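Protein chains in written order, with the UniProt record's numbering: chain Y, 1 to 204; chain H, 1 to 204.
From the three backbone atoms N, C-alpha and C, an ideal C-beta is built for every residue, glycine too.
Treat the numbers as computed from the prediction; the structure is a model and nothing was measured.
First comes the structure, then the notes that go with it.
Protein chains: 2
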Amino acid sequence: MSLRYAILGYLSSGPGTGYDLARQLDTGLGWFWTARHSQIYPELKKLTEGGLIRRHSAVAGENFDKFEYSITEAGLAELREWAGQAPSYPPNRDSERLQLIFSDEQPSSLRLHLEAHLEHFRQRRDRLRETLSSMQQGTHPRVQKRIDEGPPSRADLTLKLRELAYSGDIARAELEVAWAQSALDWLDEYEQDNVERLAGRQPG
Amino acid sequence: MSLRYAILGYLSSGPGTGYDLARQLDTGLGWFWTARHSQIYPELKKLTEGGLIRRHSAVAGENFDKFEYSITEAGLAELREWAGQAPSYPPNRDSERLQLIFSDEQPSSLRLHLEAHLEHFRQRRDRLRETLSSMQQGTHPRVQKRIDEGPPSRADLTLKLRELAYSGDIARAELEVAWAQSALDWLDEYEQDNVERLAGRQPG
DNA sequence: TTGTCCATGTAAACAGTTACATGATTGA
DNA sequence: TCAATCATGTAACTGTTTACATGGACAA
């Protein structure tokens with residue numbers, strides 16, 4: 001249900017094509033929503049039909065047009081209305097945790113599990129840091145465009161809220177890294193104990 | 001795709017009805033997966049057809065039978081195989097963050113947003129603490145059943161992995177609480193500054 | 001007898017992923 | 001001219017939610 005607002009939000013910083021959106025949302029890097037182009041193009045159509053965005057042709061090559069979309073006043077109003085509502089939280093679904101608690105018959109797979117977790121969130125943390133850093137240095141094109149071309153009264157808040165959001169996500173990733181590290185420390189001890197127990201049983 | 005494993009995992013601690021599963025998964029409380037009964041009953045049928053669980057009648061009232069499901073050897077093998085794989089992480093989708101970064105034109109809604117966030121994760125933290133606590137005290141029926149009736153070699157690990165999982169989720173909730181609190185502190189200052197700025201402009 | 005919980009299903013709609021499909025532009 | 005990237009769509013499938021539907025058990 002948030003895809004439409006992710007699109008409206010993106011376009012609220014300036015016009016863009018479906019392809020632009022797909023690049024932003026496909027990877028999900030530096031962004032808070034993900035979607036494939038196969039979901040984006042139909043949604044752009046719906047938003048256009050609803051009058052929340054407008055579609056116009058733009059030159060892509062010599063005899064080839066692309067379509068740019070711009071947000072309308074109605075779209076801006078709907079985005080603001082949505083942003084001002086209290087957040088709602090989706091039901092928790094965490095397959096990593098499920099796998100973890102049902103590994104109690106195969107502790108041998110725990111190291112793989114925890115190391116993959118560690119690596120995943122290290123990378124996420126690093127990419128989030130890079131993105132935040134580029135925003136703070138003014139080299140993030142889209143955010144800088146929003147700051148430069150939006151109403152001056154908004155500029156400070158634009159950056160501050162991104163900092164809040166990204167530093168929060170960075171802290172989340174750091175927490176996962178620390179969690180996995182302490183779990184791996186425990187696992188070292190656990191496996192050491194098991195080795196000693198087996199050695200004690202069969203000395204020599 | 002994890003629903004089948006959530007079900008297999010639940011049944012790996014002992015037999016249960018579709019209704020039992022629905023109660024566990026409907027609220028998602030103290031659990032890592034959520035589903036409605038409308039999704040559970042068809043999935044139980046599929047799993048039965050695949051030979052991963054078995055269905056048998058059990059007495060519910062005088063002239064009324066309910067259906068109990070038990071995991072089969074094939075089901076246990078599939079559960080173990082899945083649990084041993086490296087975790088994979090779904091693409092990030094976070095409507096709360098989207099709402100936050102697009103509130104830069106309506107700072108007036110930020111307090112509502114942050115207070116709702118704070119309250120949501122305070123409650124989640126408290127419920128997770130209660131669940132963990134009941135497991136550690138041996139009063140969590142389902143987990144205690146798994147510990148008591150499973151192979152003794154598994155018992156320590158069953159509890160330890162639940163502790164890892166739940167304490168990790170508790171730490172996540174605590175992080176969100178701390179994040180929201182520091183954001184609210186910033187907001188207090190921000191609004192104070194604005195009041196002073198307005199007062200400075202129109203003194204008296 | 002009335003309301004709450006126990007108990008089990010199906011149907012329609014919506015959201016998201018994967019696969020299919022096509023063609024232009026640009027730089028090496 | 002070849003590969004990578006730009007650019008735009010549709011179709012089929014899977015997963016999830018909401019709504020529809022039914023009926024027994026049990027306690028106030």
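Check	Outcome
Cα-Cα separation between H:Val177 and H:His117, rounded to whole angstroms	8 Å
Under the three-state DSSP convention, the category H:Met200 falls into	According to the sequence shown, residue 200 of chain H is Gly rather than Met. In this structure, H:Gly200 counts as helix in the three-state DSSP scheme.
Identity of the residue in H:Lys66, H:Ile53, H:Asp65 nearest H:Glu73 by Cα	H:Ile53
Residues sharing a beta bridge with Y:Gln69, DSSP	Note that residue 69 of chain Y corresponds to Tyr in the displayed sequence, not to Gln. Answer by DSSP bridge pairing, in chain order: Y:Gly16, Y:Arg55.
Proximal chain Y residues relative to H:Asp94, where beta-carbon distance stays under 7 Å	Phe32
Alpha-carbon to alpha-carbon, Y:His120 and Y:Arg127	11 Å
Length-filtered (4 minimum) alpha helix (DSSP H) runs lying within the stretch 64-140 of chain Y	73-83, 95-101, 110-136
Neighbour flag for Y:Leu52 against chain H, beta carbons, 9 Å	no
Residue closest to Y:Leu111, alpha-carbon to alpha-carbon, out of Y:Gly200, Y:Glu189, Y:Ser13	What sits at residue 111 of chain Y in the sequence shown is Arg, not Leu. The option with the nearest alpha carbon to Y:Arg111 is Y:Glu189.
Proximity to H:Asp185 [Cα-Cα], best of Y:Gly9, Y:Arg172, Y:Leu164, Y:Leu3	Y:Leu164
9 Å Cβ cutoff, H:His120 in contact with chain Y	yes
Proximal residues to H:Ser134 (C-beta, below 7 Å), its chain only, five neighbours per side dropped	His140
Delimiting residues of the alpha helix (DSSP H) encompassing Y:Ala6	3-11
Limits of the unbroken alpha helix (DSSP H) element including H:Thr48	37-49
Contact with chain Y by H:Thr131, beta-carbon distance below 9 Å	no
H:Asp20: contacting residues in chain Y (beta-carbon distance under 9 Å)	Within chain Y, no residue comes near H:Asp20; the closest Cβ sits about 17 Å away, beyond 9 Å.
Sequence-distant residues of the same chain with beta carbon closer than 8 Å to Y:Gly18, five excluded per side	His37, Ile40, Tyr41, Leu44, Phe67, Tyr69
CB contact below 9 Å: H:Arg142 versus chain Y	no
Straight-line gap, H:Asn63 to H:Gln137 (C-alpha atoms, nearest Å)	38 Å
Neighbour-count burial assignment, H:Ala58, 16 or more Cβ in a 10 Å radius	exposed
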